[in-house]
Amino acid sequence: MRIVIIGAYAIGRHLARILSRRNEEITIIDDDEERLSRIGGDLDLLTIQDRPNSISTLKDADVKGADLVIAVTPDENLNTICCILAKKLGAKKTVARINNAEDMKAERQEFYKELGVDQLIYPEMLAAEDINNGLKMSWVRQRWDVHGGALVMLGIKLRETCEILNQPLRLISGPADPFHIVAIKRNGETIIPGGNDELKLYDLAYIMTTKQYIPYIRKIVGKEKYADVKNVMFMGGGATAVRAIQTMPEYMQAKVIEMDPQRCEELNNLIDNSHALVINGDGRDVPLLIEENISNTQAFVALTGNAETNILACLTAKRMGVRKTVAMVENIDYVSMAESLDIGTIINKKAIAASHIYQMMLDANVINVRFLMTANADVAEFIPEEGSRITKKPVKELGLPRGVTIGGLVRGNEGMLVSGNTQIQPGDSVMVFCHEADMQKVGRLFVKPTLF
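According to my numbering, the sequence shown holds residues 283 to 734 in order.
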């Protein structure tokens, strides 16, 4: 595919790295030489230093006929203008990053589409959704729902209380059992397990199940004593924190600790005061945390712009008895460090936004794609077409590529797990887990082969 990225900021650079390594034809435009130099000379892509909203620049980037034009600068007006121009010049699909939640409403999106912006991406909203999904279940690191929870994937850190350690998976997770282990993260390595593999202490296990069996999963992994989240403390009052508080369940109460007095005033106007309390201070200040009753807080969410600050704050909260911690780690280089320190849930807006954009590149009918940083893997929800190869044989006879496993599917409104004997049908929503596998090649299994 031919892809033009506008803006060599964090999201643009992250996308460029991912897509160039997947052998896509990438051009990235930015008017700042220093930002372009941060991409690195080891990537196979073309850079253009010029004004991205210039028609001549877009023509130089050959946007005519480009499969995808992605505008991800911090300036949403610049992004939308570039997409409108690119569409008029012949780009097939355009995507713009925005900074306003109001623009995500259906009528606004339709308006932008008429102008030439096919899809809007609001990373702060996507990050807030992930945060709230994690807060709803204090005992999981990650949760991903399909069709309103008909099928659920849970990422769970296994502790000494887990009942299913050190047993071959064929004995604990067979075709008749209500869960499948689709992947294991162990000592920095991701494992797509077979029947002889075992779960070990401190593994991060990715478990596929159906909604009604979540309490059973909670029991067998030994997490029943984890308190449900009712009180949440946020450190940092940026856009992600505001969006998370505005959309969190009504039974939760929040406190926001923000160092900037002026931002505190703004937050009081943005957030419902009956739902959240704004405090001017430093979230790493232990006396302040004690004063604000951190002992009665079930979750601590650090969302400042500094990864080190967020990691240190979460470590402090853990030492003070908070079990559920969430850290915004925008620097990919710090993700491994945060994992090794057992921080908890890690949020990265670049990776979340990249997952949604990458979904648009796949040939198959894909509803959703998520990149799991902790497992270095993609999880995608595919819908197979009539006549596609995935529907021709039982799963065990498909010869799936190495590093690919099918965890479950939703047929109608019913979630079900997948075994080797499962016959996938057209119209099913199928959950596919890919580690070091080409998602585009996997996607071709779900579309009807084209005859020439």
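All residues carry an ideal CB built from backbone N, CA and C; glycine is no exception.
This one's a predicted model, so the numbers in the text were calculated from it and none came from an experiment.
query                                                                                                                                                                          : result
Where Met407 and Ala290 are concerned, what is the direct C-alpha to C-alpha distance, given to the nearest angstrom?                                                          : 21 Å
When you compare only the Cα positions, how much space is there between Leu417 and Gly685?                                                                                     : 30 Å
Let me make sure I understand the geometry here. Which of Lys675, Phe664, Glu679 and Gly669 has the alpha-carbon closest to that of Leu691?                                    : Phe664
Looking only at its own chain, which residues have a Cβ that is under 8 Å from the Cβ of Ser302, when we skip the five neighbours before and after it?                         : Ile308, Leu325, Asp326 and Leu327
When DSSP builds the beta bridges, which residues end up paired with Leu691?                                                                                                   : Met698 and Val712
In this structure, does DSSP put Thr339 in helix, strand or coil?                                                                                                              : helix
Contact check, Ala368 vs Val351 under 8 Å by CB: the rounded distance?                                                                                                         : 4 Å
Could you name the residues that DSSP lists as bridge partners for His462?                                                                                                     : Met490
In or out: Lys740 buried (at least 16 other Cβ within 10 Å) or exposed?                                                                                                        : In this structure the chain extends from 283 to 734, so residue 740 is not present and cannot be described.
Would you list the one or two residues that DSSP bridges to His717?                                                                                                            : Ala659
Alpha carbon to alpha carbon, how far is Phe715 from Glu389? Give it in angstroms, no decimals.                                                                                : 33 Å
Less than 7 Å separating the beta-carbons of Asn592 and Ala609?                                                                                                                : yes
His296: which of Lys600, Leu549, Gly437 and Asp615 sits nearest, CA to CA?                                                                                                     : Asp615
Can you give me the Cβ contacts of Glu696 inside the same chain, cut-off strictly under 8 Å, excluding the 5 residues immediately before and after it?                         : Ala432
Within the chosen definition, does the stretch 548-562 reach the stretch 519-534 through at least 3 CB pairs nearer than 8 Å?                                                  : yes
With a 10 Å radius around its C-beta and 16 neighbouring C-beta atoms as the bar for buried, classify Phe734 as buried or exposed.                                             : Any reading at Phe734 must be qualified, since the residue scores a pLDDT of 47, below 50, and its modelled position is unreliable; no value is offered.
State the Cα-Cα distance for the pair Ile311 and Gln449, rounded to the nearest angstrom.                                                                                      : 52 Å
Any contact between the stretch 391-401 and the stretch 575-588? By contact I mean 3 or more CB pairs, one from each, below 8 Å.                                               : no
Residues bridged to Lys482 by DSSP?                                                                                                                                            : None; Lys482 has no bridge partner.
What ranges does the alpha helix (DSSP H) occupy inside the stretch 581-621, keeping only unbroken runs of at least 4 residues that lie completely in it?                      : 589-601
Return the CA-CA distance between Ile380 and Asp357, expressed in angstroms with no decimal places.                                                                            : 8 Å
Please confirm if the stretch 472-483 is in contact with the stretch 533-550, defined as three or more CB-CB distances below 8 Å between the two stretches.                    : no
By DSSP's criteria, Thr529 is part of a beta bridge. Which residues make up the other side?                                                                                    : None; Thr529 has no bridge partner.
Return the residue from the list Asp314, Lys374 and Lys512 that minimises the CA-CA distance to Tyr533.                                                                        : Lys512
Looking only at C-alpha atoms, which of Ile366, Asp349 and Phe516 sits nearest to Lys374?                                                                                      : Asp349
Quick one: Cα of His638 to Cα of Glu548, how far?                                                                                                                              : 30 Å
Just to confirm, is the Cβ distance from Lys387 to Leu371 under 7 Å?                                                                                                           : no
In chain order, which alpha helix (DSSP H) runs of at least 4 residues are fully inside the stretch 373-437?                                                                   : 388-397 and 405-417
Leaving aside the five residues before and after Ile293 along the sequence, list all residues of the same chain whose C-beta is less than 6 Å from its C-beta, in chain order. : Val354, Lys632 and Ala635
Note down the Cα distance separating Gln494 from Met698, rounded to an integer number of angstroms.                                                                            : 11 Å
Contact check, Gln424 vs Thr627 under 8 Å by CB: the rounded distance?                                                                                                         : 7 Å
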